[in-house]
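Undergrad: For the sequence shown, the numbering used here gives the first residue as 123, with consecutive numbering after it.
Note that CB positions come from ideal geometry on N, CA and C, so glycine has one too.
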Amino acid sequence: MKTNYINQISLLKEFLEKTQEDHALTFEGRLEVANQINATTRLICSIEEKKLFDWLSYYRGELELANMNDDIRSYNIGLEKIIAFLDSITHSSRPNNYSKPTEI
Numbered sequence: 123m124k125t126n127y128i129n130q131i132s133l134l135k136e137f138l139e140k141t142q143e144d145h146a147l148t149f150e151g152r153l154e155v156a157n158q159i160n161a162t163t164r165l166i167c168s169i170e171e172k173k174l175f176d177w178l179s180y181y182r183g184e185l186e187l188a189n190m191n192d193d194i195r196s197y198n199i200g201l202e203k204i205i206a207f208l209d210s211i212t213h214s215s216r217p218n219n220y221s222k223p224t225e226i
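1. Starting from residue 148, trace the alpha helix (DSSP H) in both directions and tell me its first and last residue.
2. Can you list, in chain order, the stretches of the alpha helix (DSSP H) that have 4 or more residues and sit fully within the stretch 183-213?
3. Using 10 angstroms around the beta-carbon of residue 162, count the other beta-carbons present and answer buried if the total reaches 16, otherwise exposed.
4. By a C-beta neighbour count over all protein chains shown, 10 Å radius and 16 as the cutoff for buried, is residue 194 buried or exposed?
5. Mind reading off the beta-carbon distance from residue 188 to residue 179? Whole number of angstroms is fine, and I expect it under 8 angstroms.
Now the structure itself:
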């Protein structure tokens, strides 16, 4: 089961990187980002990875706040943070050790 969520996290990371590269930060693009993060968060919740779920929820909240304020700069920073966090999980030799990534 853990391999499954690592694969899902890798897919989410790739999606966010592509979104960031494509500058798809239109309303529709931001909605799709939220949908992808929500889907991954639900998967993590279903397999009881509480710390990972908490971090994804935290970053999702940062993105939602920036989106509500229509603050593209903060939204981009939030995307960078979540990508760095997901990268730290997918490249960790101990994927259950979810610590806060370094600030960007």
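TA: In terms of the structure at hand:
1. Run containing residue 148: none; DSSP gives neither H nor E here.
2. DSSP runs (the alpha helix (DSSP H)) wholly in the stretch 183-213: 194-212.
3. It is buried - the Cβ of residue 162 has at least 16 other Cβ atoms within 10 Å.
4. Exposed, since its Cβ has fewer than 16 Cβ neighbours within 10 Å.
5. With a Cβ gap of about 15 angstroms, residue 188 and residue 179 do not count as contacting.
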